[in-house]
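Protein chains in written order, with the numbering used here: chain A, 6 to 119; chain B, 11 to 119. Beta carbons: idealized from backbone N, C-alpha and C, even for Gly. The structure presented is a predicted model; accordingly, all values stated were derived computationally and were not measured. Have a look at the structure below before the remarks.
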Amino acid sequence: GAVVSQHPSWVICKSGTSVKIECRSLDFQATTMFWYRQFPKQSLMLMATSNEGSKATYEQGVEKDKFLINHASLTLSTLTVTSAHPEDSSFYICSARQGHGELFFGEGSRLTVL
Amino acid sequence: GQQLNQSPQSMFIQEGEDVSMNCTSSSIFNTWLWYKQDPGEGPVLLIALYKAGELTSNGRLTAQFGITRKDSFLNISASIPSDVGIYFCAGLMGGKLIFGQGTELSVKP
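Following this line, the structure appears as structure tokens:
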């Protein structure tokens, strides 16, 4: 079946640095990708919706200047956490779909900011 | 924002027992989905429901889309240790998935 892959699986960084997380659709063209954040023992919260070739649409309360999303191709979306702080430590998960097809989730990327 | 109320929050059961969890919403959803998430991984789709009243099975799992389109339940029969994990309901609205708070399932062998 369709596969969505995230990289890196986990990353540890110093406070104030920026971290980039990649989300790739491996065997289909993802016209839409979604980015979620999940804190321990909590649900997945939608951060933004990314359509290929256009600007991402952010959910209320998500800082677009802090969480930069790029969807430059039909198989790749990136999430950059700029000037990361310890409170940004979380599990970031992407999902992707082609058209109105089934939604597939990546394996997640765990960010720890020291 | 939109919210799905999922219950119970956690369950501790004996292997072989049946399990039931449900989600309710104040809003109408056109699609309900049930996912399972293992620690450190992304959610995996278990069952998708597209029509009000629909009852769908996937092995030992059975899920129903409420007739009002505001609720859904998931049943797991004859639980086994590998059923351990967090189960999420999710409703599709405007192309976006809204997740419930999750039900953490523990199965004692």
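(message) Less than 6 Å between C-beta atoms, sequence neighbours within five positions excluded: which residues of the same chain meet that for Asp93 of chain A?
(response) Position 88 of the first sequence, counted from the first residue, corresponds to residue 93 of chain A. Closer than 6 Å at Cβ, skipping near neighbours: Val86 and Val118.
(request) Can you grab the Cα-Cα spacing for the pair Arg29 of chain A / Trp40 of chain A, in whole Å? (result) Taking the first residue of the first sequence as position 1, residue 29 of chain A is located at position 24. Taking the first residue of the first sequence as position 1, residue 40 of chain A is located at position 35. Near 12 Å, if we compare the C-alpha coordinates of Trp40 of chain A and Arg29 of chain A.
(request) Would you kindly check if the distance between the Cβ of Val117 of chain B and the Cβ of Pro91 of chain B is under 8 Å? (result) For this step, residue 91 of chain B is matched to residue 81 along the second sequence. For this step, residue 117 of chain B is matched to residue 107 along the second sequence. It is a contact, given that the beta carbons lie within the stated cut-off.
(request) Establish whether the CB of Gly112 of chain B and some CB of chain A are separated by less than 8 Å. (result) Translated into positions along the second sequence, residue 112 of chain B becomes position 102. Closer than 8 Å to some Cβ of chain A, the Cβ of Gly112 of chain B qualifies, so yes.
(request) Reducing DSSP to helix, strand and coil, say where Ser114 of chain A ends up. (result) For the purposes of this step, residue 114 of chain A is identified with residue 109 of the first sequence, where counting begins at 1. Three-state result, Ser114 of chain A: strand.
(request) Output the distance between the C-alpha atoms of Ala53 of chain A and Asn75 of chain A, rounded to the nearest integer angstrom. (result) Counting from 1 along the first sequence, the entry for residue 53 of chain A is found at position 48. Counting from 1 along the first sequence, the entry for residue 75 of chain A is found at position 70. Ala53 of chain A and Asn75 of chain A: Cα-Cα distance of roughly 11 Å.
(message) Using 8 Å as the cut-off, can you tell me whether the region 91-109 of chain A makes contact with the region 69-81 of chain B, which would need three or more C-beta pairs spanning the two stretches below that distance?
(response) no
(request) Look at Val9 of chain A and Leu116 of chain A and say whether their C-beta atoms are less than 8 Å apart. (result) Position 4 of the first sequence, counted from the first residue, corresponds to residue 9 of chain A. Position 111 of the first sequence, counted from the first residue, corresponds to residue 116 of chain A. For Val9 of chain A and Leu116 of chain A, no; Cβs fall outside 8 Å.
(request) Helix, strand or coil for Asp81 of chain B, going by three-state DSSP, please let me know. (result) Residue 81 of chain B sits at position 71 when you count from the first residue of the second sequence. Residue state, collapsed to three classes: strand.
(message) If you reduce the DSSP assignment to three classes, tell me which class Glu92 of chain A lands in.
(response) Position 87 of the first sequence, counted from the start, is the residue given in the question as residue 92 of chain A. DSSP places Glu92 of chain A in helix when its eight states are reduced to three.
(request) Under 8 Å by Cβ, that's how I've got Leu81 of chain A and Tyr97 of chain A pegged, so tell me the actual separation to the nearest angstrom. (result) As a working note, residue 81 of chain A is residue 76 in the first sequence. As a working note, residue 97 of chain A is residue 92 in the first sequence. At roughly 15 Å, the Cβ-Cβ gap does not stay under 8 Å, so Leu81 of chain A and Tyr97 of chain A are not in contact.
(request) Check the Cβ of Leu107 of chain B against every Cβ in chain A and list those closer than 9 Å, keeping chain order. (result) On the second sequence, position 97 is the one that residue 107 of chain B refers to. By Cβ distance, chain A contributes Phe39, Tyr41, Leu49, Leu51, Ser100 and Leu108.
(request) Classify Ile108 of chain B as buried or exposed, calling it buried when 16 or more other Cβ atoms lie within 10 Å of its own Cβ. (result) Taking the second sequence and counting its residues from 1, one reaches residue 108 of chain B at position 98. Buried, by the Cβ-count rule.
(request) For Lys63 of chain B, return the contacting residues in chain A, with the cut-off set at a CB-CB distance below 7 Å. (result) If you number the second sequence from 1, residue 63 of chain B lands on position 53. Note that residue 63 of chain B corresponds to Gly in the displayed sequence, not to Lys. What Gly63 of chain B touches in chain A: nothing, since even the nearest Cβ is about 22 Å away.
(request) Would you tell me roughly how many angstroms separate the C-alpha atoms of Arg42 of chain A and Leu49 of chain A, rounded to the nearest one? (result) As a first step, residue 42 of chain A must be located in the first sequence, where it is residue number 37. As a first step, residue 49 of chain A must be located in the first sequence, where it is residue number 44. Distance between the alpha carbons of Arg42 of chain A and Leu49 of chain A: 6 Å.
(message) Assuming Ser17 of chain B and Asn32 of chain B are in contact, meaning their beta carbons sit under 8 Å apart, how far apart are those beta carbons, in whole angstroms?
(response) The residue you call residue 17 of chain B lines up with position 7 of the second sequence. The residue you call residue 32 of chain B lines up with position 22 of the second sequence. Contact flag correct, Cβ pair sits at about 6 Å.
(request) Classify Ser30 of chain A as helix, strand or coil using the three-state DSSP reduction. (result) Taking the first sequence and counting its residues from 1, the one referred to as residue 30 of chain A is at position 25. In the structure shown, Ser30 of chain A sits in a strand (DSSP, three-state: E or B).
(message) For the beta strand (DSSP E) containing His12 of chain A, name the first residue and the last one.
(response) Reading the first sequence from its first residue, position 7 is the one you call residue 12 of chain A. It spans Val9 to His12 - the beta strand (DSSP E) in which His12 of chain A sits, taken as one unbroken run.
(message) Just to confirm the assignment, what range does the beta strand (DSSP E) spanning Ala58 of chain B have?
(response) Translated into positions along the second sequence, residue 58 of chain B becomes position 48. Taken as a continuous stretch (DSSP letters only), the beta strand (DSSP E) holding Ala58 of chain B covers Val54 to Leu59.
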